[in-house]
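Protein chains in written order, with UniProt numbering: chain A, 1 to 396; chain B, 1 to 396; chain C, 1 to 396; chain D, 1 to 396. Shown next, in structure tokens, is the structure this report addresses.
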């Protein structure tokens with residue numbers, strides 16, 4: 001039933017052996033000194049991936065959705081206003097979460113395939129003279145559309161009117177795969193998870209929190225216990241956890257950070273760009289279009305690709321799975337039926353990507369797509385071979 | 001630094017090899033048919049462990065604390081009254097959670113070492129003629145004191161005045177180790193986790209929810225998204241998950257259930273009783289006292305044992321860890337310094353328990369406790385060897 | 001340094017997760033009943049893979065070379081004559097072994113790329129009227145050249161003169177990947193290993209021995225202890241081992257057999273043919289030639305492919321390894337520098353094969369081979385997609 | 001069926017998690033540079049464990065028996081005389097091997113429980129004026145009797161008459177657990193394996209060979225191929241292997257050496273002595289006798305213990321296995337029925353040893369042995385707690 005083919009979903013990623021082994025930890029006493037010695041450096045090292053010195057790392061045994069909830073419930077009060085642009089499934093879900101938690105959400109609806117509208121943010125914020133907007137929420141990498149937004153531009157749009165709102169960024173599917181600048185971009189809370197760029201199993205929400213967000217925490221009246229920053233930080237400070245910690249993921253995180261630093265974060269980002277570019281070359285060779293509207297928005301972790309008119313993307317992904325045993329991302333939300341997605345993040349090589357391209361190409365041929373067999377693969381091969389500067393550049 | 005000695009903390013438990021292997025799952029597409037086929041039977045089989053046919057199983061990628069939060073936030077509204085007895089650290093923490101979430105908590109303070117006060121519950125409930133109390137919250141096994149409460153008696157105390165309050169039970173450290181009767185006891189929400197009787201890694205909160213609690217959900221106004229029952233049940237119904245599922249734990253859970261059913265739940269309970277009884281025989285031989293006030297309260301998953309006057313239990317557990325590399329539970333809360341705890345749950349054998357008893361005995365001798373070396377071990381040996389009906393009775 | 005790319009060497013194969021887990025066995029007492037219950041069925045089930053009911057399975061903790069030595073030292077005496085054809089590295093090595101052990105080896109030298117010369121065997125055997133030849137040694141699948149010989153034809157050549165010599169077959173790189181007929185072909189000793197079709201780690205020689213070979217054992221005077229059939233069979237008969245058994249491989253073997261039978265041996269063979277055929281289509285599209293001289297000799301587990309005149313195959317395989325992190329088989333012996341090899345056996349899918357083809361294609365382009373980028377991949381894709389009868393046909 | 005109890009057989013040992021993980025290596029190309037970089041340092045570091053600078057390390061994918069065969073077949077010729085004392089099962093088996101390989105074995109029969117008779121060796125060697133004896137074969141640690149012989153004394157007995165015979169030592173169950181001095185003792189070939197002091201799976205014979213033995217190789221006429229030193233050393237010299245190497249064990253060996261060096265070889269030896277001494281204290285407290293005749297012969301890796309008159313040791317070990325799920329060593333050969341064995345080597349702690357002692361004690365009580373329950377455990381506890389100098393001294 002199962003096989004050893006890689007998955008091409010945009011996370012959870014293929015887990016490298018090294019991390020599978022690292023997570024195979026027998027139970028240890030999380031109240032013993034070993035745990036402290038393991039956990040504290042993990043928190044410290046994770047800051048490097050967020051590119052922060054001022055932020056605090058807070059983790060929870062939860063998924064990214066839990067991280068979103070933590071960001072909101074620790075810093076805001078019922079009735080608070082937040083500003084969010086909706087341009088994909090994940091920005092949509094964060095909005096939904098805010099509404100369920102009694103926030104007043106100012107929504108800017110944008111076409112799927114576009115990114116965070118810095119200019120519109122600037123307008124709305126400039127108009128908000130009495131600073132009712134407490135936070136701007138942005139999805140850095142919209143996994144549903146393969147769009148990466150410019151967080152630096154969002155920050156500028158906020159600075160333009162010197163608006164004091166906090167900036168919350170969902171970087172679940174971008175962190176540790178594409179550059180992220182917590183300090184430089186003035187992010188207040190960044191939310192990520194263990195199962196994407198960190199290449200681990202699902203189960204740990206990883207947040208970075210600015211001093212400003214910690215101040216906001218003092219007045220925040222949304223209820224929280226499991227996701228309480230204060231409890232977590234207090235326990236962490238003495239090397240503990242307010243409840244049972246996810247030991248296996250913490251050991252996995254330690255090894256993941258080692259892997260990332262051994263390769264070098266810049267090399268990790270360059271590798272992701274190169275793999276993504278290969279996929280984009282193939283897409284062009286097929287004559288297909290990306291959902292992302294323009295090159296500046298192209299994500300290096302996932303490509304959402306429109307199928308031609310008259311075809312159903314779900315049939316394509318089902319066929320690839322049922323016939324060749326390979327999983328690709330389905331089209332989500334508005335893109336359901338219209339686009340399929342190729343995840344190209346985490347522990348992946350050009351060689352593995354080529355097998356994914358070859359598979360989806362066969363699937364398209366099987367379903368009579370107007371696509372020439374081998375064309376996408378050849379385009380990616382040509383790009384990969386000519387862009388391959390470093391021998392053995394591949395991730396572990 | 002690390003060694004292969006078992007841990008004697010009251011969870012997370014020693015993870016059996018079989019479950020460590022089962023959790024070593026490479027990433028699979030959680031939107032693919034395989035996942036549905038794996039997950040649905042897990043939910044169904046888990047009901048057997050709760051002894052329910054009417055309840056629904058709901059899981060979250062979280063710890064038991066997250067399970068508590070889910071129980072409260074899905075069924076109650078700000079200002080609602082709940083009735084809780086406080087007789088240990090975990091009942092205390094649940095109270096704290098309720099208060100943070102804006103509930104009005106009617107607290108019955110009881111001495112640590114006692115159990116849920118069914119008679120006092122009966123009084124309070126009888127007095128609550130306009131039924132302001134929406135839920136009674138009970139900790140089945142108070143891990144801090146080694147006390148198991150009589151949930152059937154609590155149910156009777158509620159029935160005595162035909163009070164309509166819901167009954168919520170924390171069975172984190174009892175489920176799958178001691179008998180639990182969701183249907184028979186009329187429980188409305190039971191909260192457990194992956195890392196105790198299920199012998200898995202930490203990271204999955206496991207709840208059982210009655211139809212009555214599901215009805216209450218319709219009016220409940222506490223905010224929740226990550227822990228929303230409705231989202232989870234809707235996604236589960238079609239074989240999915242509202243966000244990324246903890247794949248490794250789900251596969252682990254499937255194998256854990258197999259192990260439990262292969263041994264037979266009654267045999268699992270009998271084994272836990274036998275191991276606990278061995279520890280209690282040793283305790284008596286040492287001339288020490290359990291924190292649990294009377295035999296009907298003795299927990300079969302953890303024993304909290306008072307150190308003699310003039311000794312500090314933390315020194316004892318530190319010594320055992322530093323000198324012999326064995327972890328025991330420290331005294332929590334009121335018991336800090338006064339009692340240590342021996343966890344005896346999960347995948348454990350009499351042989352392993354004897355090594356724990358021998359170790360703590362050496363530690364007591366090292367610290368000049370008035371305890372005869374070998375006495376506790378011999379008492380446990382005598383009990384184990386005479387109570388050993390079935391050859392190869394040991395858990396996997 | 002390491003990555004998750006598959007290897008394309010002709011064994012050891014990529015080990016499927018399921019078998020990696022199966023081999024993760026903690027030490028058990030090999031003198032305890034568990035071992036007997038595990039090992040005896042493994043021996044029995046292995047017969048099915050050899051297609052024998054009359055043969056006995058004998059295993060040693062050794063490599064295939066050890067298996068060769070066992071075949072010779074258990075059945076022959078110093079000075080005995082054996083007949084062997086040399087048409088590749090592995091037939092050459094077996095000859096060398098015989099000579100070192102004092103046998104008189106009648107060698108028939110054949111061109112590399114040809115197979116076992118049944119007609120020449122027939123001649124030599126017909127001439128050997130006083131039956132000095134005690135055994136005919138044949139390499140079923142010559143891993144160095146990608147040639148599969150016709151063992152049935154060899155048997156016929158022996159039967160033609162009713163020659164009583166034993167027939168020994170090296171099926172190290174064919175068993176469990178291509179059809180093998182121990183009984184039907186009248187094989188007397190077949191030698192295989194754990195690390196090829198069985199998809200396990202290296203370390204177990206697996207032999208099948210006919211009653212006739214067991215008779216020969218009674219007179220055989222070559223010394224042997226470690227590899228003694230009699231000791232092994234006697235110990236095995238009571239569920240034991242004459243020395244410490246390779247427990248992990250035995251458990252691995254048990255699971256490997258399960259996997260093979262679940263897929264069905266015929267499906268396993270068909271899958272290997274299909275993957276091999278895809279590689280051959282690619283080879284043709286590149287305009288390159290196989291070392292195997294004719295289609296009837298094509299191996300379904302490994303293809304040896306000549307590089308064009310003026311190119312060095314070692315440069316090619318080094319480049320693929322150093323630039324793309326993928327291992328292919330180098331040219332061995334006479335083929336060194338002239339041919340490279342693609343291993344396509346064990347737990348492999350069409351999707352994985354395509355990544356290998358894409359990689360070697362890029363490497364050829366990098367080194368200015370007269371090969372069109374994408375051509376081989378497209379040819380294999382076209383074959384794979386049109387020959388793909390069963391959805392999810394891929395091996396585990 | 002299986003459980004997590006430690007085994008107390010004298011090897012294979014309980015495999016520590018760290019080594020189980022280290023052996024979980026996916027297939028790599030053993031002809032690629034990675035392999036060279038891994039394997040060469042392993043060979044070099046292994047010398048430290050043999051305490052040699054002059055010796056060469058040679059490994060084979062085989063068990064210790066294969067190592068014995070290699071020692072003999074690489075250095076001797078049919079008809080050569082070797083001198084061996086027989087004082088247990090393993091010395092007996094080595095004699096048998098020599099005889100099967102056509103050697104003339106001068107046997108000195110000694111009582112089981114005694115060690116290598118240096119004085120008798122001296123006599124025989126002094127009498128052998130024309131130096132027909134080519135090698136003296138000694139079992140350092142006789143696993144069947146728990147006797148460690150004095151190899152230094154054997155060397156002196158050889159030097160007394162300046163006899164040029166080689167000295168071969170079986171250190172399978174002593175190396176990496178008790179001090180071994182290859183150079184100082186003038187050993188010519190020492191034979192060990194992966195599954196004892198190295199704490200790995202079974203499957204690698206590990207030999208150390210002196211320059212003198214390598215010289216002898218030039219004239220040696222016993223046939224060998226699989227076990228040929230020259231082939232192995234030639235291949236190793238260029239980082240290769242003459243056939244498929246046992247990759248997983250080589251990676252395991254690398255990590256095992258790391259573990260041994262991290263703990264420090266002297267600490268490893270001291271730990272083994274301490275664990276053994278605890279077992280001996282228990283034995284004395286039970287009023288039972290060791291098979292080893294005197295304290296200077298006591299092995300630190302295994303204790304063979306006589307059961308009282310009228311009892312059958314097999315009944316005892318069967319009972320311990322069937323009732324408590326713990327494996328002890330049975331009495332081998334002459335000791336069958338008369339003695340049982342407790343293995344105390346490898347990755348073991350005092351805590352684990354106590355569980356073994358407690359178990360065998362219960363078993364003896366069950367079978368009405370005249371042994372006081374708890375007596376042996378208490379004696380070992382008292383020794384362990386007073387001899388415990390270093391906190392966290394336990395091996396990983």
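Every residue gets a Cβ at the ideal spot worked out from N, C-alpha and C, and that includes glycine.
Residue i - DSSP class collapsed to helix/strand/coil
i: residue 166 of chain B; result: strand
i: residue 95 of chain D; result: helix
i: residue 193 of chain A; result: strand
i: residue 8 of chain C; result: strand
i: residue 155 of chain A; result: helix
i: residue 224 of chain C; result: coil
i: residue 86 of chain B; result: strand
One or two residues paired with residue i in a DSSP bridge
i: residue 104 of chain D; result: D:81
i: residue 339 of chain D; result: D:306
i: residue 290 of chain C; result: C:305
i: residue 114 of chain A; result: A:112
i: residue 205 of chain A; result: A:60 and A:193
i: residue 298 of chain B; result: B:147
Buried versus exposed call for residue i [16 or more other C-beta atoms within 10 Å across all chains shown]
i: residue 350 of chain A; result: buried
i: residue 261 of chain B; result: exposed
i: residue 10 of chain B; result: buried
i: residue 219 of chain B; result: exposed
i: residue 355 of chain B; result: buried
i: residue 71 of chain C; result: buried
i: residue 361 of chain B; result: buried
Span of the beta strand (DSSP E), counted from its first residue to its last, around residue i
i: residue 135 of chain B; result: 133 to 139
i: residue 57 of chain A; result: 56 to 60
Residue i at chain A interface by Cβ criterion, 9 angstroms
i: residue 266 of chain D; result: no
i: residue 41 of chain B; result: no
Any C-beta of chain C under 9 angstroms from that of residue i
i: residue 299 of chain A; result: no
i: residue 336 of chain D; result: no
i: residue 9 of chain D; result: yes
i: residue 24 of chain B; result: yes
Neighbour flag for residue i against chain B, beta carbons, 9 angstroms
i: residue 202 of chain D; result: no
i: residue 98 of chain D; result: no
Continuous alpha helix (DSSP H) stretch holding residue i: start and end
i: residue 354 of chain A; result: 350 to 366
i: residue 254 of chain D; result: 247 to 263
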